């Protein structure tokens, strides 16, 4: 059995209006996910605005999540920064703080290559003894983890699994096929909208940012697939597609980054989970007009009365 | 007159084989540039492998450069990290350490937009009182500083100048034309190979990584242009084009990042300026065969006996 | 019911060594598909090397396909060229020759925009009365048919369906959801490797180049899905994934274009369907060493004894 | 001496409102260029909307240009279509019609590679005995003519020169340096805004679409450079930068393609050279509001009273 399976949402990091972390809201965010039945928690992912947080803030976020979780679920920690030594240091911190696994991207800012990416993961594995999940997210790091790169690392045990946010499900499928003989390896999709199909093709889990808004939806979808009820999974996925429309509402006025996580935060505020929809700078927070549109979406899928 | 003009090389950061900074070599690197007649020093640029260094190492690098320089030349410091708060913190450090200006890129990893980029620079300007040079480097941050973005920031005084490593000299030319009425604003090219033409069209300086190998060449080129000797500038530029061929030697075996700065380090080692050609991880250092090819280039342009 | 559903392969255009169309081989190619149970034929698609053929050759290819088919299956004809008037002329020819529908891409070579793409399809619809299938193939035309573009055209009846070769199944899913109320609209995937999942999410058909090599495989997959046997569909899809590995064999020595269609032709030659694996110029044909590797793949999936 | 040097504008193809070629306007367009002192004429370039014209229309356009020119200037003809055989056929037509050279791009629509691009040019050279100018225009064909590709073709005599519209002047500079020993080879820039610098670095000519609006400007710029008056060339270039601002006026409402050539046509209409500013479909023509802005630009640089 793979080390981790199921619904493992990247956990939104709520902020106060002064951009500090709003810990009471963070507690509610974590409890909302656990109550919703998810199978793991991924703190300091892209949806968590990891890249906006300094080292000390990151450590405090992990500590808080570990404390609130109190051993109930496995915790993944994103140790995301541009280069090897910096990721190793984050990874040591995450391990010391109680992470069950770390999530690592390819290097960025620096112009890299697939062999140097392979080395990057090997150096981290050599430096810290903790399961590493390769995070394939070209939209942020501007390089794809190629099939050969992922499979090389998986076969030698440098990575325990992959989280694929590349949108290239065909490539993930080949990775899963290449690793079919290894019962420990897992592949999770980062998609919010192709989850039923990703699971049907053999993915072991899903890491949907949208689960911060509706954890029950993704857990229901997961449970349908486990029972072989693909029609039920499809129906739930289609409901979630309508919910996911929120991520384009502020696009144009804001960047795509602000529009996506900003929509999740705005919806969570409407649902009473968090207090503000403040985004880390220089991102823009959604305004009242945009929030009203999000409320309309929440109502249309039955999440808001 | 603009605040800064002339040849302002990004200063290579020499490493020991254990990846710590090799300070005696760093001293020689700085002295070699100052002896070569350059007009400013840019520490912690891309060529300096800034992105590979942790906060403490960055501070030590700035301190060393300031001490060696001892007020002889203006010092730019790259305060390069993905998001606003992190850049502000680096900028405060740089100012405290004695930087004359900081060099700041657009946000990266996060998906950003031109209005959010404008805000990014404004927030930094509001937070720290030091001249800011906008660093346009799409090959690293995967977004272009559009003409309107740069000119908006320049006109309101949020930036003092721009360093253009985008390769889009036409856009730089428009920025220079838009800012022609402002005697303080400056635009520098980050190109190694289009310097005579960039200066001819009105650029105020050049920031060539290759000057670590041959500062005299770029100073000679600059002096030719100052005297109106464009034929002399062109001849020197063409010699430097042949020298610059070194940056493609290891390409394929290494990434483009490793190939470029790695070639500079390898050449500097051959010239006795630094001790190793070690690159920060996960980059690959050039091997002996590649070093031999670089020596051949150095000989062909008269830098090696 | 949508106008067309099922397996509609783009038909390979076999060539003689002098680059003329090899009509006896073309006949066998068509019969092999019809015998294999496919539900339609798509001549002059990208896999057919449409872009390499002059007007007269295109007309002869359509005429031959129509004659061989003799009304047994619906025939789609790709009327693919860079700009509106040229596509209209191809479309008139296709209609006159007996096409049941035409397949049209966004304009290319010219720098276009989504509103101009919408106009492009409208002009063609106004000029020729024949069902138009929008062909979303950014890898060739370097622009994506955005969701809003496709849905606008579908809702006003300018297009009857979409063939999606963009790899962006999430976008296709939204298009299908937007058009769910229209029983006539159809969406087909151009993927060879995500067919079971594309059909499970509601796609109405599949246009796999690989079906030229193994029509029975795709028909079996389709039939499994029709019966609700998703496990059977998945197993067949996984066999076809192994077969599809052929498309990367010559990559590096040849372009991706030559590598893909060239592999299909090479496999079809081994299976006795066509006489040569000649590719239209300037593409490169696969060599003997590459052909041997393809034979090994054919054997591994049971297609070659 | 290279075969061709100087200012060789791509000639706008004026259209009637019914999209047929407006030959009286075309005559005036040609005479305006010849009167302006240009050194050659490039018909059926991108600026000529070549890609929108069918074979017969292309032939008529060449014939008209040859007749009007009546041997006064050399004529380049763009033989631009996606693949080898089609380009060969256009090239035969162009030669028969009296072209002095043809201008050929890399293949497009098909996914190609540098070795296949090299072959493409070789096949055309073998098929038709006429000087071939390689046209490097990645914005249209989505592939760059790499330095090695261009130099390989130049050294073996398959191409007589290159027209570089890639914006990568550094690469052009290396090509010029690699070919410095060959007095026959020429490199021209397709830029409108970096002409003084391109000529200063050794380019042999310029192919500016904007010369349709202001041939005297580019001829003046060229003459300044020939006399060594770089300050005069720079001043003229800066005036032309202001004129070139017209190409962004309709951007957003129209595509970049429509915005650029559409602006030239609109300005030419205001100057009395052509009758309509009609663009070939699906492009959009500029509207009255946009035309008024273009007139303001024409006035600001002294072209309109």
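Protein chains in written order, with this note's numbering: chain P, 5 to 309; chain F, 5 to 309; chain G, 5 to 309; chain A, 5 to 309.
Backbone N, C-alpha and C fix where the C-beta goes; we use that ideal spot for every residue, glycine too.
As the structure is a prediction and not an experimental result, all values here were calculated from the model.
- Distance between residue 234 of chain P and residue 20 of chain G, taken at the CA atoms: about 48 Å.
- Within chain G, no C-beta atom comes less than 8 Å from the C-beta of residue 46 of chain P; the nearest is roughly 21 Å away.
- Scanning the region 85-147 of chain A from its first residue to its last, the whole beta strand (DSSP E) runs of 3-plus residues come out as 105-109, 136-140.
- Put simply, of P/209, P/87, P/69, P/294 the residue whose alpha carbon is nearest the alpha carbon of residue 165 of chain P is P/209.
- For residue 281 of chain P, the nearest beta carbon of chain F is not closer than 8 Å to its own beta carbon.
- Counting C-beta atoms within 10 angstroms of its own C-beta, residue 303 of chain G has fewer than 16 neighbours from the protein chains shown and is therefore classed as exposed.
- Contact between the region 213-225 of chain A and the region 179-186 of chain A is not established, with fewer than three Cβ pairs separated by less than 8 Å.
- When rounded, the separation of the alpha-carbon atoms in residue 284 of chain G and residue 272 of chain A is 42 Å.
- Within a 10 Å sphere around the beta-carbon of residue 32 of chain A sit 16 or more other beta-carbons, which makes this residue buried.
- The distance from the Cβ of residue 218 of chain A to that of residue 247 of chain A is about 6 Å, consistent with a contact at the 8 Å cut-off.
- Listed along chain P, no residue sits closer than 8 Å to residue 214 of chain F by beta-carbon distance, the nearest being about 17 Å off.
- Counting the other CB atoms within 10 Å of its CB gives residue 198 of chain P a total of 16 or more, which places it among the buried residues.
- DSSP places residue 22 of chain F in the coil class of the three-state scheme, outside both helix and strand.
- Contact check for residue 125 of chain A against residue 8 of chain A fails: the beta carbons are separated by 8 Å or more.
- The way I'd put it, the region 274-288 of chain G doesn't touch the region 136-154 of chain A; fewer than three beta-carbon pairs between them come closer than 8 Å.
- Around residue 146 of chain G, the beta-carbon contacts reaching into chain A at under 8 Å are 146.
- Exclusion of the five residues before and after residue 100 of chain P leaves no residue of its chain whose Cβ lies closer than 6 Å to its Cβ.
- The beta carbon of residue 86 of chain A sits closer than 8 Å to some beta carbon of chain G.
- Look at residue 79 of chain P here: in three-state DSSP terms it is strand.
- Taking a C-beta distance under 8 Å as the contact criterion, residue 79 of chain A and residue 104 of chain A qualify as a contact pair.
- Contact between residue 144 of chain F and residue 262 of chain F does not hold, since the beta-carbon distance rounds to 14 Å and is not under 8 Å.
- What residue 127 of chain F touches in chain P, judged by beta-carbon distance under 8 Å, is 285, 286, going in chain order.
- Within the region 163-238 of chain G, the complete beta strand (DSSP E) segments of 3 residues or longer fall at 165-168, 190-193, listed in chain order.
- Taking the CA atoms as reference points, residue 27 of chain A sits about 10 Å from residue 69 of chain A.
- In this structure the region 147-156 of chain A does not lie against the region 294-308 of chain G, because fewer than three pairs of beta carbons, one per stretch, are closer than 8 Å.
- For residue 124 of chain P, at least one C-beta of chain F is nearer than 8 Å to its own C-beta.
- Per DSSP, residue 46 of chain P is one residue of the beta strand (DSSP E) stretching across 45-47.
- Only 200, 201, 202, 204, 205, 206 from the region 200-212 of chain P bring a Cβ to less than 9 Å from some Cβ of chain G.
- With respect to residue 29 of chain G, residue 301 of chain G sits apart: the two C-beta atoms are not nearer than 8 Å.
- From the listed residues P/167, P/43, P/232, P/54, the smallest Cα separation to residue 86 of chain P is found for P/54.
- Distance from the CA of residue 293 of chain P to the CA of residue 159 of chain G, rounded to the nearest whole angstrom, comes to 28 Å.
- In the three-state reduction of the DSSP assignment, residue 290 of chain G falls in the coil class.
- In this structure, residue 52 of chain A sits near residue 16 of chain A, with a CB-CB distance shorter than 8 Å.
- A Cβ-Cβ contact shorter than 8 Å links residue 202 of chain A with residue 173 of chain A.
- Near chain P, meaning a CB-to-CB distance below 8 Å, the residues of the region 87-111 of chain F are 87, 88, 89, 90, 93, 111.
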